[in-house]
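Q: My questions all concern the structure below.
There are 2 protein chains.
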Amino acid sequence: MRATILHAPGDIRVEEWPDPVVERPTDAIVRVVAGCVCGSDLWSYRGVNDVPEPRTMGHEAIGVVEAVGAGVERVREGDFVVVPFNHCCGRCAHCRAGQTQGCVELAMTASGQAERTLVTNADATCFVLDEAPAPDRYAAVLALSDVLPTGYHAAISAGVTPGSTAVVVGDGAVGLCGVLSAQRLGAERIIALSRNPERQRLATAFGATDLVGERGDAAVAAVLELTDGVGADAVLECVGTEESMTTAFEAARPGATVGYVGVPHGAAVPWRVAFRNNIGLRGGMAPVIRYLPELVPAVLAGELDASAVFDLELPLADAAEGYRAMDERRAVKALLRP
Amino acid sequence: MRATILHAPGDIRVEEWPDPVVERPTDAIVRVVAGCVCGSDLWSYRGVNDVPEPRTMGHEAIGVVEAVGAGVERVREGDFVVVPFNHCCGRCAHCRAGQTQGCVELAMTASGQAERTLVTNADATCFVLDEAPAPDRYAAVLALSDVLPTGYHAAISAGVTPGSTAVVVGDGAVGLCGVLSAQRLGAERIIALSRNPERQRLATAFGATDLVGERGDAAVAAVLELTDGVGADAVLECVGTEESMTTAFEAARPGATVGYVGVPHGAAVPWRVAFRNNIGLRGGMAPVIRYLPELVPAVLAGELDASAVFDLELPLADAAEGYRAMDERRAVKALLRP
Numbered sequence: 007m008r009a010t011i012l013h014a015p016g017d018i019r020v021e022e023w024p025d026p027v028v029e030r031p032t033d034a035i036v037r038v039v040a041g042c043v044c045g046s047d048l049w050s051y052r053g054v055n056d057v058p059e060p061r062t063m064g065h066e067a068i069g070v071v072e073a074v075g076a077g078v079e080r081v082r083e084g085d086f087v088v089v090p091f092n093h094c095c096g097r098c099a100h101c102r103a104g105q106t107q108g109c110v111e112l113a114m115t116a117s118g119q120a121e122r123t124l125v126t127n128a129d130a131t132c133f134v135l136d137e138a139p140a141p142d143r144y145a146a147v148l149a150l151s152d153v154l155p156t157g158y159h160a161a162i163s164a165g166v167t168p169g170s171t172a173v174v175v176g177d178g179a180v181g182l183c184g185v186l187s188a189q190r191l192g193a194e195r196i197i198a199l200s201r202n203p204e205r206q207r208l209a210t211a212f213g214a215t216d217l218v219g220e221r222g223d224a225a226v227a228a229v230l231e232l233t234d235g236v237g238a239d240a241v242l243e244c245v246g247t248e249e250s251m252t253t254a255f256e257a258a259r260p261g262a263t264v265g266y267v268g269v270p271h272g273a274a275v276p277w278r279v280a281f282r283n284n285i286g287l288r289g290g291m292a293p294v295i296r297y298l299p300e301l302v303p304a305v306l307a308g309e310l311d312a313s314a315v316f317d318l319e320l321p322l323a324d325a326a327e328g329y330r331a332m333d334e335r336r337a338v339k340a341l342l343r344p
Numbered sequence: 007m008r009a010t011i012l013h014a015p016g017d018i019r020v021e022e023w024p025d026p027v028v029e030r031p032t033d034a035i036v037r038v039v040a041g042c043v044c045g046s047d048l049w050s051y052r053g054v055n056d057v058p059e060p061r062t063m064g065h066e067a068i069g070v071v072e073a074v075g076a077g078v079e080r081v082r083e084g085d086f087v088v089v090p091f092n093h094c095c096g097r098c099a100h101c102r103a104g105q106t107q108g109c110v111e112l113a114m115t116a117s118g119q120a121e122r123t124l125v126t127n128a129d130a131t132c133f134v135l136d137e138a139p140a141p142d143r144y145a146a147v148l149a150l151s152d153v154l155p156t157g158y159h160a161a162i163s164a165g166v167t168p169g170s171t172a173v174v175v176g177d178g179a180v181g182l183c184g185v186l187s188a189q190r191l192g193a194e195r196i197i198a199l200s201r202n203p204e205r206q207r208l209a210t211a212f213g214a215t216d217l218v219g220e221r222g223d224a225a226v227a228a229v230l231e232l233t234d235g236v237g238a239d240a241v242l243e244c245v246g247t248e249e250s251m252t253t254a255f256e257a258a259r260p261g262a263t264v265g266y267v268g269v270p271h272g273a274a275v276p277w278r279v280a281f282r283n284n285i286g287l288r289g290g291m292a293p294v295i296r297y298l299p300e301l302v303p304a305v306l307a308g309e310l311d312a313s314a315v316f317d318l319e320l321p322l323a324d325a326a327e328g329y330r331a332m333d334e335r336r337a338v339k340a341l342l343r344p
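Below is the structure:
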């Protein structure tokens with residue numbers, strides 16, 4: 007098959023790669039109809055994470071089931087499925103408690119930026135749609151494989167409630183989906199931290215009521231100014247750096263929670279403010295499978311549409327341009343069509 | 007008055023010091039009937055925290071109101087009061103939300119190990135008892151000024167619920183009060199990490215159902231063994247070091263919360279396990295004033311008794327011995343009687 011292969015930092019190519027095959031009876035193979043590039047893919051592309059050997063890329067995908075193992079009962083060949091980036095067994099104590107990201111058999115989609123991808127524990131993992139969506143809805147549906155439930159997880163983890171004031175740190179695709187999710191959860195005021203005019207426009211379209219272009223201490227001061235000196239009821243941390251984490255804690259009112267979903271890179275809890283103000287921290291990898299029964303119907307009904315985060319659409323062959331555009335912040339998120 | 011003065015790390019003496027006086031109309035002066043030494047006092051005694059100049063010590067006290075400012079209305083001379091270590095105004099947005107530790111006028115008891123101490127915002131801060139407790143109940147009542155509500159805060163922050171399994175990291179006075187609080191909140195199983203026979207005995211008396219003498223990875227393995235490989239529903243972190251924080255996160259089941267109350271000294275969130283397992287972190291300085299309306303009646307009724315954490319009782323003059331005994335772990339917590 008054709009697949010996006012990262013050879014070394016900055017060296018990404020679409021080339022031939024062995025097709026994934028059913029290895030365990032619970033596996034399925036999905037023909038990818040749409041995949042995309044995640045902000046976390048850039049950690050390897052930029053060399054922040056090691057790239058010891060060439061590897062396929064992409065953990066977000068939707069597509070059609072092409073083959074299933076002998077033990078797969080619910081999912082069938084021909085089904086159109088959303089493939090959550092984290093695959094879960096559905097049987098262990100953690101899955102049964104809704105903590106699907108903590109599954110004892112946790113695995114990840116490994117070739118979403120390719121023609122085919124393997125899904126482990128397919129019955130518990132794949133979300134089967136009643137029918138294939140129209141191609142112009144692929145972007146909205148693709149967002150369900152990671153970026154939308156991850157933004158939603160930030161909002162849920164931060165404890166956004168109806169009428170609350172939420173701050174969203176990070177104007178990447180996840181942060182924007184955090185804005186959309188905060189709106190869905192009824193936040194009355196959503197303060198988005200962004201200095202990029204195009205992303206500010208998207209944040210506003212997704213429900214942001216206030217935009218703060220400052221960073222660091224100045225951003226915190228702006229949030230306090232907007233909240234009568236009290237701070238935000240809930241803060242979504244969608245970056246994962248030391249600066250963003252500190253800003254998140256300092257913008258929170260005493261007793262509030264920082265919902266974080268950015269993979270922490272050098273982040274540290276600012277203990278002084280956390281301790282005195284009792285700011286909680288909750289989040290991590292999104293339990294995508296837990297959220298899909300709620301989010302999929304809303305997306306299919308058109309009530310929830312994160313498709314605007316895909317501001318660049320390319321044929322799979324041009325995946326490298328997708329990475330470049332995101333690396334240079336010319337694009338929020340690149341959708342790839344095999 | 008006679009007061010415990012820390013001159014330099016390791017150099018603590020009881021000597022004459024100016025009496026505190028009413029400076030603001032909302033102040034009160036309390037004649038201390040009982041005070042005590044806190045584990046956090048040892049940070050300065052050991053030189054981990056700076057001691058730039060001689061200072062009074064002690065933030066825990068019960069006693070009799072001796073003088074009040076002109077603006078104090080509720081509290082009267084002669085009242086027997088519990089003095090929460092953190093003083094709060096009761097009027098700001100944070101106090102009104104129950105986040106008394108985040109009060110905009112936050113202040114601390116500064117001479118609990120002395121004959122007298124100043125209480126700011128006395129009306130909102132002091133908890134007035136209907137009558138003075140009998141001297142043999144001083145220890146149980148004194149625990150209400152900090153150590154018991156702090157252990158309770160760990161349990162509340164960790165989300166201990168009836169029937170749950172709780173792990174308590176730390177066998178100091180706060181950890182032991184965490185065990186007692188987890189029992190009060192209905193935990194079915196309470197696993198206390200302690201290798202000290204005397205503290206193990208206290209933990210058991212306070213409700214611990216299991217004792218784990220190991221530390222670090224071995225302690226985590228023991229907790230997993232005791233919980234069928236799942237981990238604890240709630241973890242109380244009552245130490246504040248890097249090792250204790252890591253142990254707490256690793257002993258938690260996915261989706262659980264670490265309730266922390268130890269002032270963090272070098273602690274860091276172990277991001278890998280926190281992120282994948284969605285382990286939350288909540289706690290910090292206890293909002294003592296919020297908890298007292300619930301805890302005081304239980305203590306006065308004898309339903310809740312943390313007095314056993316005071317395993318050393320000394321006249322104020324011997325405060326230095328109290329510090330030495332706690333520093334050398336010969337005592338859990340020293341009570342001082344002026």
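Chains A and B, in that order, are what the protein sequence lines are. Letter by letter, the first sequence follows residues 7 to 344 in our numbering. Letter by letter, the second sequence follows residues 7 to 344 in our numbering. Ideal Cβ placement from N, Cα and C applies to all residues, glycine included.
Checking contacts by CB at 7 Å: is M251/A closer than that to chain B?
A: What you label residue 251/A is simply residue 245 of the first sequence in a count that begins at 1. No - not a single Cβ of chain B is within 7 Å of the one on M251/A.
Q: If G176/A sits next to S250/A, beta carbons under 8 Å apart, how far is it from one beta carbon to the other, in whole angstroms?
A: The residue given as residue 176/A occupies position 170 in the first sequence. The residue given as residue 250/A occupies position 244 in the first sequence. The pair is a contact, with the Cβ atoms about 6 Å apart (cut-off 8 Å).
Q: Would you mind working out which of D311/A, N92/A and G53/A sits nearest F212/A, comparing C-alpha positions?
A: Locating residue 212/A in the first sequence gives position 206, counting from the first residue. In terms of CA proximity to F212/A, D311/A leads the group D311/A, N92/A and G53/A.
Q: I'd like to check one pair, S117/B with T126/B: are the Cβ atoms closer than 7 Å?
A: In the second sequence, counting from the first residue as 1, residue 126/B sits at position 120. In the second sequence, counting from the first residue as 1, residue 117/B sits at position 111. In this structure, T126/B keeps its C-beta atom at 7 Å or more from the C-beta atom of S117/B.
Q: Residue range of the beta strand (DSSP E) that D216/A falls in?
A: Indexing the first sequence from 1 puts residue 216/A at position 210. From DSSP, the beta strand (DSSP E) with D216/A extends over D216 to V218.
Q: Can you tell me the Cα-Cα spacing of E327/B and V264/A, whole angstroms?
A: Indexing the second sequence from 1 puts residue 327/B at position 321. Indexing the first sequence from 1 puts residue 264/A at position 258. Using only the alpha carbons, I get a separation of about 43 Å.
Q: Return the CA-CA distance between V226/A and V241/A, expressed in angstroms with no decimal places.
A: Numbered from 1 along the first sequence, position 220 holds the residue referred to as residue 226/A. Numbered from 1 along the first sequence, position 235 holds the residue referred to as residue 241/A. Answer to the nearest angstrom: the Cα atoms are 12 Å apart.
Q: Does the count of Cβ pairs from the region 31-43 of chain B and the region 63-75 of chain B closer than 8 Å reach three?
A: Using a Cβ-Cβ distance cut-off of 8 Å, the region 31-43 of chain B and the region 63-75 of chain B are in contact, since at least three pairs of beta carbons, one from each stretch, lie closer than that value.
Q: Would you tell me roughly how many angstroms separate the C-alpha atoms of D85/A and V74/A, rounded to the nearest one?
A: For the purposes of this step, residue 85/A is identified with residue 79 of the first sequence, where counting begins at 1. For the purposes of this step, residue 74/A is identified with residue 68 of the first sequence, where counting begins at 1. Using only the alpha carbons, I get a separation of about 11 Å.
Q: For the region 75-102 of chain B, which residues have a CB atom closer than 8 Å to at least one CB atom of chain A, in sequence order?
A: A99 and H100
Q: Is the distance from the Cβ of V28/B to the Cβ of A160/B below 7 Å?
A: Against the second sequence, residue 28/B aligns to sequence position 22. Against the second sequence, residue 160/B aligns to sequence position 154. With respect to A160/B, V28/B sits apart: the two C-beta atoms are not nearer than 7 Å.
Q: Rounded to whole angstroms, what is the Cα-Cα separation between V315/B and L148/B?
A: As a working note, residue 315/B is residue 309 in the second sequence. As a working note, residue 148/B is residue 142 in the second sequence. Whole-angstrom Cα-Cα distance: 11 Å.
Q: Would you say M291/A faces chain B, with C-beta separation under 7 Å as the test?
A: Stepping through the first sequence from its first residue, residue 291/A is reached at position 285. Chain B, which has a Cβ nearer than 7 Å to the Cβ of M291/A, makes this yes.
Q: Is it buried or exposed, T167/B, if we count other Cβ atoms within 10 angstroms and call 16 or more buried?
A: Here residue 167/B is taken as the residue at index 161 of the second sequence, counted from 1. Residue burial annotation: T167/B is exposed, with fewer than 16 other C-beta atoms found within 10 angstroms of its C-beta.
Q: Tell me which residues share the same chain as R288/A and place their Cβ nearer than 7 Å to its Cβ, disregarding the 5 neighbours each side in the sequence.
A: Within the first sequence, numbered from 1, the residue matching residue 288/A stands at position 282. Correct list, in chain order: S163, T263 and G265.
Q: Could you name the residues that DSSP lists as bridge partners for Y144/A?
A: On the first sequence, residue 144/A is found 138 positions in, with the first residue counted as 1. DSSP lists no partner for Y144/A.
Q: Does the Cβ of A149/A lie closer than 6 Å to at least one heavy atom of the ligand PLP?
A: The ligand PLP is absent from the structure shown, which contains no ligand whatsoever.
Q: Could you work out which residues of chain A lie near W23/B, taking near to mean beta carbons separated by less than 7 Å?
A: One-based indexing of the second sequence puts residue 23/B at position 17. The premise fails here: W23/B is roughly 27 Å from chain A at the closest Cβ pair, so nothing lies under 7 Å.
Q: Check each residue of the region 284-316 of chain B: if its Cβ is closer than 8 Å to any Cβ of chain A, include it; give the result in chain order.
A: The region 284-316 of chain B vs chain A, Cβ under 8 Å: N284, I285, G286, L287, R288, G289, G290, M291 and P293.
Q: Can a CB atom of chain B be found closer than 7 Å to the CB of G2/A?
A: Examination of residue 2/A is not possible in this model, given that chain A is present from 7 through 344 alone.
Q: Taking contact to mean at least 3 C-beta pairs separated by less than 8 Å, is the region 291-302 of chain A in contact with the region 87-104 of chain A?
A: yes
Q: Run down chain B in chain order and give the residues with a C-beta less than 8 Å from the C-beta of P260/A.
A: Along the first sequence, one-based indexing puts residue 260/A at 254. Residues of chain B passing the Cβ test: H100, A103, Q105, Q107 and G108.
Q: Counting only Cβ pairs nearer than 9 Å, list the residues of chain B close to R282/A.
A: As a first step, residue 282/A must be located in the first sequence, where it is residue number 276. Per Cβ cutoff of 9 Å: Q107, G108, L112, G290 and M291.
Q: Please list, in chain order, the residues of the region 260-278 of chain A that have any C-beta partner in chain B closer than 8 Å.
A: P260, G261, T263, V269, P270, A273, A274, V275 and W277
Q: May I ask you to list, following chain order, the residues of the region 233-246 of chain B that have a beta carbon less than 7 Å from some beta carbon of chain A?
A: Residues are counted here when their Cβ sits less than 7 Å from a Cβ of chain A; for the region 233-246 of chain B these are V236, given in chain order.
Q: Report the rounded CA-to-CA distance for G45/A versus R282/B, giving the unit in angstroms.
A: Taking the first residue of the first sequence as 1, we reach residue 45/A at position 39. Taking the first residue of the second sequence as 1, we reach residue 282/B at position 276. Straight-line Cα distance between these residues: approximately 18 Å.
Q: In chain order, which alpha helix (DSSP H) runs of at least 4 residues are fully inside the region 260-342 of chain A?
A: 277-283, 294-306 and 325-333
Q: Going by the DSSP bridge assignment, what does R122/A pair with across the sheet?
A: Working through the first sequence from its first residue, we reach residue 122/A at position 116. In the DSSP output, where bridge partners are listed per residue, R122/A has R37/A.
Q: Under 8 Å by Cβ, that's how I've got L182/A and L208/A pegged, so tell me the actual separation to the nearest angstrom.
A: By 1-based counting over the first sequence, the position of residue 182/A is 176. By 1-based counting over the first sequence, the position of residue 208/A is 202. About 5 Å; that satisfies the 8 Å criterion.
Q: Considering Cα atoms alone, identify which of I196/A, A179/A, E111/A and S151/A is closest to A172/A.
A: The sequence position of residue 172/A within the first sequence is 166, counting from 1. Considering only alpha carbons, the answer is I196/A.
Q: I'd like to know whether the C-beta atoms of E121/B and R8/B end up nearer to each other than 7 Å.
A: One-based indexing of the second sequence puts residue 121/B at position 115. One-based indexing of the second sequence puts residue 8/B at position 2. The answer is yes: Cβ separation under 7 Å.
Q: For a quick check, are the C-beta atoms of C95/A and A128/A less than 7 Å apart?
A: To locate residue 95/A, count along the first sequence from 1; it is residue 89. To locate residue 128/A, count along the first sequence from 1; it is residue 122. Contact: no.
Q: Are the beta-carbon atoms of L12/B and V57/B separated by less than 7 Å?
A: Along the second sequence, read from residue 1 onward, the residue named residue 12/B stands at position 6. Along the second sequence, read from residue 1 onward, the residue named residue 57/B stands at position 51. Against a cut-off of 7 Å, the Cβ pair of V57/B and L12/B comes out as a contact.
Q: Whole angstroms are fine: how far does the CA of N284/B sit from the CA of C101/A?
A: Your numbering for residue 101/A matches position 95 in the first sequence. Your numbering for residue 284/B matches position 278 in the second sequence. Cα-Cα distance, rounded: 13 Å.
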